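Q: Below is a structure I'd like to ask you about.
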Amino acid sequence: MTELTNRLSDDTKIEFIDEEFDFDVKLAESLESINEYEIVEGKVTKITKDFVTVDFGYKSEGQIPTQEFINAEGDITVQVGDTAEIYLERKEDENGQVVVSKEKAQRLRVWEDVGKIYEEDGIVSGIVTARIKGGLSVDIGIKAFLPGSQVDLRPVRNLDKLLGERFDFKVLKYNPKRGNIVLSRRAILELDREEQREKTLELLQEGALIKGHVKNITDYGIFVDLGGVDGLLHITDMTWGRIVHPSEMYSIGDEIEVIVLKYDEDEEKVSLGLKQKSANPWDSVADKYPIGTEVTGKVVSLTNYGAFIEIEEGVEGLIHVSEMSWTKKIRQPSSVVSMGDSITAIIKELDTEQKRISLSMKEATPNPWKEIADQNPAGTIVKGKIRNITDFGLFVGLDEGIDGLVHVSDMSWSQRQRNPAEVYKKSDEIEVKILNIDVDNQRLSLGIKQLTEDPWQTLEDEIKEGDTVTGKIVHLADFGVFLE
Numbered sequence: 095m096t097e098l099t100n101r102l103s104d105d106t107k108i109e110f111i112d113e114e115f116d117f118d119v120k121l122a123e124s125l126e127s128i129n130e131y132e133i134v135e136g137k138v139t140k141i142t143k144d145f146v147t148v149d150f151g152y153k154s155e156g157q158i159p160t161q162e163f164i165n166a167e168g169d170i171t172v173q174v175g176d177t178a179e180i181y182l183e184r185k186e187d188e189n190g191q192v193v194v195s196k197e198k199a200q201r202l203r204v205w206e207d208v209g210k211i212y213e214e215d216g217i218v219s220g221i222v223t224a225r226i227k228g229g230l231s232v233d234i235g236i237k238a239f240l241p242g243s244q245v246d247l248r249p250v251r252n253l254d255k256l257l258g259e260r261f262d263f264k265v266l267k268y269n270p271k272r273g274n275i276v277l278s279r280r281a282i283l284e285l286d287r288e289e290q291r292e293k294t295l296e297l298l299q300e301g302a303l304i305k306g307h308v309k310n311i312t313d314y315g316i317f318v319d320l321g322g323v324d325g326l327l328h329i330t331d332m333t334w335g336r337i338v339h340p341s342e343m344y345s346i347g348d349e350i351e352v353i354v355l356k357y358d359e360d361e362e363k364v365s366l367g368l369k370q371k372s373a374n375p376w377d378s379v380a381d382k383y384p385i386g387t388e389v390t391g392k393v394v395s396l397t398n399y400g401a402f403i404e405i406e407e408g409v410e411g412l413i414h415v416s417e418m419s420w421t422k423k424i425r426q427p428s429s430v431v432s433m434g435d436s437i438t439a440i441i442k443e444l445d446t447e448q449k450r451i452s453l454s455m456k457e458a459t460p461n462p463w464k465e466i467a468d469q470n471p472a473g474t475i476v477k478g479k480i481r482n483i484t485d486f487g488l489f490v491g492l493d494e495g496i497d498g499l500v501h502v503s504d505m506s507w508s509q510r511q512r513n514p515a516e517v518y519k520k521s522d523e524i525e526v527k528i529l530n531i532d533v534d535n536q537r538l539s540l541g542i543k544q545l546t547e548d549p550w551q552t553l554e555d556e557i558k559e560g561d562t563v564t565g566k567i568v569h570l571a572d573f574g575v576f577l578e
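Numbering (the numbering used here), first residue to last: 95 to 578.
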């Protein structure tokens with residue numbers, strides 16, 4: 095009995111020893127399979143304020159700062175029992191502790207994913223985070239470099255406007271040893287552009303309406319990106335009206351709808367039109383604006399000889415300086431009107447073939463010459479101020495703003511006034527008689543001597559030959575003396 099007991103006891107010991115040996119072997123094999131600088135998978139066993147503990151099958155568990163498991167919203171992304179990938183940096187540090195990191199595991203996975211995308215010529219998405227020397231820094235899960243030349247199809251002057259924006263990129267260079275990833279957004283845009291080009295070429299037929307964006311502006315027109323194909327909108331095809339420079343109507347980047355005027359497939363040249371989308375306004379000018387019609391328009395151009403008025407888009411008329419005022423002699427149109435002023439005028443002449451309209455601003459107001467002729471016919475005595483004195487007479491201004499001339503021959507019955515300035519002064523108010531009004535030629539003749547009767551008519555009754563008279567010497571000449 096004792097012998098059997100001893101035998102069973104020894105067998106049990108042997109079996110126990112075998113199981114312990116087997117466990118040690120498996121543990122040793124497990125520890126050998128876990129290598130430093132690799133990603134391992136573990137189970138979250140504990141979460142505290144400071145650390146998340148992960149069991150990944152090693153002889154000791156790993157502790158990772160809780161901060162590495164907190165997302166952008168401030169929430170912890172794991173729970174006890176969850177599986178997590180971690181990066182094993184060291185099996186033991188100087189304190190005998192295992193060193194692991196979740197963030198480094200994530201970065202390593204991103205590097206692997208980017209490498210796969212690079213090999214397969216795929217696309218990666220990222221957010222532009224900063225402007226750096228030579229280009230932009232992009233967050234694709236790890237930091238990558240976007241050169242300035244690869245940002246767009248055309249140079250971008252203000253890279254700062256891209257900060258915070260998410261885009262798709264091609265991976266141009268991938269070097270994990272140097273930690274270097276170079277991206278290109280331009281490559282994506284070029285692919286899109288080529289696809290757009292194929293679609294655009296199918297639409298390029300004369301007369302077709304097509305939308306695009308202003309790509310470049312020159313003195314002679316606008317280049318429009320129609321989607322992989324550029325077309326020229328010449329300045330003469332932009333508007334039926336007046337335009338000095340294309341930038342008056344559009345800026346770079348503006349969306350525009352144009353009509354295809356001509357497409358040369360061999361030379362790949364596209365001529366575009368904008369004004370052709372609407373009818374030529376001159377086709378209906380004769381019906382809309384017959385001679386004598388009163389119109390209102392905006393001053394769009396000033397010259398030395400007059401002002402151009404836009405009656406409607408594409409239709410302009412000229413107000414000559416001679417048609418700006420009934421009473422004033424206009425030398426510079428800018429003294430009467432300014433750019434942008436709204437002007438009312440009368441259609442005087444119309445030539446639809448030459449696309450010319452003559453306008454009169456003064457005829458849109460009452461004619462003061464006609465008014466003065468109606469109110470003050472010849473023979474009327476009026477008052478006025480001397481506005482100017484010349485050798486041949488006086489210019490007298492009436493209340494209506496009209497100047498009349500008192501010729502030297504109409505200043506005195508007794509003799510010809512040789513120097514009016516000796517008798518009159520500028521701004522003197524005098525009485526005059528209206529002798530004649532020429533409304534058509536805008537001339538007004540005035541007289542001073544006509545205010546009194548002609549003394550020569552009664553002179554024969556008052557003085558006879560042989561009478562002795564007394565008078566005042568008024569002029570001396572080589573041939574005699576003039577006596578009044």
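Even glycine gets a Cβ: it sits at the ideal position worked out from N, Cα and C.
From a predicted model like this one, the values you see are computed outputs, not experimental measurements.
Tell whether a beta-carbon distance below 8 Å holds between isoleucine 441 and glycine 386.
A: It is a contact, given that the beta carbons lie within the stated cut-off.
Q: Would you report the Cα separation of serine 521 and isoleucine 542, rounded to the nearest angstrom?
A: 16 Å
Q: Taking the continuous beta strand (DSSP E) assigned at aspartate 358, which residues delimit it?
A: First-last of the beta strand (DSSP E) with aspartate 358: 349-358.
Q: I'd like the span of the beta strand (DSSP E) that includes alanine 439, first residue to last.
A: 436-445
Q: If we count the other Cβ atoms within 10 Å of its Cβ and call it buried at 16 or more, is methionine 455 buried or exposed?
A: buried
Q: Do you know offhand how far glutamate 292's Cα is from isoleucine 329's?
A: 28 Å
Q: Which two residues bound the contiguous beta strand (DSSP E) that contains aspartate 157?
A: For the sequence presented, residue 157 should be read as glutamine rather than aspartate. Where glutamine 157 is concerned, the enclosing beta strand (DSSP E) stretches over 156-159.
Q: In the structure shown, what three-state DSSP assignment does leucine 553 receive?
A: helix
Q: Arginine 90 by DSSP, collapsed to three states: which one?
A: Nothing about residue 90 can be reported from this structure: the residues present for the chain run from 95 to 578 only.
Q: Count the other CB atoms within 10 Å of the CB of glycine 478; is the residue buried (16 or more) or exposed (fewer)?
A: buried
Q: Can you give the Cα-Cα distance for tyrosine 314 and aspartate 358, rounded to whole angstroms?
A: 20 Å
Q: Got a sec? Which residues, its chain only, sit under 8 Å from glutamate 457 by beta carbon, not counting five neighbours each side?
A: If the five residues before and after glutamate 457 are omitted, its C-beta is found closer than 8 Å to the C-beta atoms of Glu417, Ala439, Ile440, Lys442, all from its own chain and listed in chain order.
Q: Check whether the Cβ atoms of valine 608 and phenylalanine 163 lie closer than 8 Å to each other.
A: One cannot answer for residue 608 here, as it falls past the ends of the chain, which runs 95 to 578.
Q: Taking the alpha helix (DSSP H) that arginine 450 falls in, what are its first and last residues?
A: That residue, arginine 450, is in no alpha helix (DSSP H); its beta strand (DSSP E) goes 450-454.
Q: For the segment 317-331 against the segment 342-352, do three or more pairs of beta-carbon atoms, one drawn from each stretch, fall closer than 8 Å, so that the two count as touching?
A: yes
Q: Which value, in whole angstroms, describes the spacing of the CA atoms of isoleucine 496 and threonine 421?
A: 6 Å
Q: DSSP three-state call for phenylalanine 486: helix, strand or coil?
A: coil
Q: Can you grab the Cα-Cα spacing for the pair arginine 184 / glutamate 155, in whole Å?
A: Between the C-alpha atoms of arginine 184 and glutamate 155 there is a straight-line separation of about 12 Å.
Q: Once DSSP output is grouped into helix, strand and coil, what is the label at serine 365?
A: Per DSSP, reduced to three states, the secondary structure at serine 365 is strand.
Q: Could you work out which residue in Lys392, Glu559, Gly209, Lys369 is closest to methionine 433 when comparing CA atoms only?
A: Checking every option, the nearest Cα to that of methionine 433 belongs to Lys392.
Q: Exposed or buried, what is proline 462 when buried is set at 16 or more other beta-carbons lying within 10 Å of its beta-carbon?
A: Around the C-beta of proline 462, 16 or more other C-beta atoms lie within 10 Å, and the residue is accordingly described as buried.
Q: Using a 10 Å radius around the Cβ and a threshold of 16 neighbouring Cβ atoms, would you call phenylalanine 263 buried or exposed?
A: Taking all protein chains shown into account, phenylalanine 263 has 16 or more neighbouring C-beta atoms within 10 Å of its C-beta and is therefore buried.
Q: Go ahead and pull the three-state DSSP assignment for glycine 235.
A: coil
Q: Out of Thr474, Val500, Gly473, point me to the one whose CA is closest to arginine 481's CA.
A: Val500
Q: Among residues of its own chain, excluding the 5 on either side of valine 276, which ones have a beta-carbon nearer than 6 Å to its beta-carbon?
A: Contacts found: Phe239, Leu266, Lys267.
Q: For lysine 293, which of helix, strand or coil comes out of DSSP?
A: helix
Q: Taking C-alpha atoms, which residue in Thr177, Lys449, Leu577 lies nearest to alanine 380?
A: Lys449
Q: Can you name, in chain order, every residue of its own chain whose Cβ lies under 7 Å from the Cβ of arginine 356, other than the five neighbours on each side?
A: In the sequence under discussion, the amino acid at residue 356 is lysine, which differs from the arginine named in the question. Once the five neighbours on either side are set aside, the close Cβ partners of lysine 356 are Glu300, Ser365.
Q: I'd like the span of the alpha helix (DSSP H) that includes glycine 391, first residue to last.
A: Segment 388-396 is the beta strand (DSSP E) holding glycine 391; no alpha helix (DSSP H) there.
Q: In the DSSP assignment, find the alpha helix (DSSP H) that holds lysine 382 and state where it starts and stops.
A: Boundaries of the alpha helix (DSSP H) around lysine 382: 379-382.
Q: When you compare the CB positions of arginine 287 and valine 245, do they come within less than 8 Å of one another, or not?
A: no
Q: In three-state terms, what does DSSP make of glycine 281?
A: Note that residue 281 corresponds to alanine in the displayed sequence, not to glycine. Alanine 281: helix per DSSP, three-state reduction.
Q: In the DSSP output, which residue or residues are listed as bridge partners for proline 241?
A: Answer by DSSP bridge pairing, in chain order: Gly229.
Q: In the DSSP assignment, what are the bridge partners of glycine 306?
A: Ile350
Q: Taking 8 Å as the limit between beta carbons, can you name the residues of its chain near aspartate 176, skipping five residues before and five after?
A: Lys137, Val138.
Q: Exposed or buried, which one is aspartate 118 when buried takes at least 16 other CB atoms within 10 Å?
A: At aspartate 118, the pLDDT of 43 sits below 50, so the modelled position is not reliable and the matter cannot be decided from this model.
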